[in-house]
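Student: Starting off with a structure, shown below.
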Amino acid sequence: MTANVGNHYDVIVIGAGISSLATLKCLLEAGLTAVVIERTDGVGGLWTFRENDYGVMRFTHM
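All the letters of the sequence shown, read from the start, carry residue numbers 5 to 66 under the working numbering.
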């Protein structure tokens, strides 16, 4: 979701990691308006592999 200047949200969630996504889900289910602000072009936070950035390592297996 792209936030436009002048929009009103009940909550602004910083970061699109797994905890933020779970928080967003709960907020929306509670009837609140919310927006997520993320510095990268993807979601997943530390669980997203990025070649030259901080995140989960390529060889991580679960």
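Where a beta carbon is used, it is the ideal one built from N, C-alpha and C, also for glycine. Just so we're clear, the structure is a prediction, and the values are computed from it rather than from any experiment.
(1) Could you give the first and the last residue of the continuous alpha helix (DSSP H) run that contains A26?
(2) Who does G48 pair with in a DSSP beta bridge?
(3) Quick check: the Cα distance between L36 and A20, rounded to an integer number of angstroms?
Tutor: According to the data block:
(1) The residue labelled residue 26 in the question sits at position 22 within the sequence shown. A26 -> alpha helix (DSSP H) spans I22 to E33.
(2) Indexing the sequence shown from 1 puts residue 48 at position 44. G48 is bridged to G21.
(3) For the purposes of this step, residue 36 is identified with residue 32 of the sequence shown, where counting begins at 1. For the purposes of this step, residue 20 is identified with residue 16 of the sequence shown, where counting begins at 1. The C-alpha of A20 is placed about 18 Å away from the C-alpha of L36.
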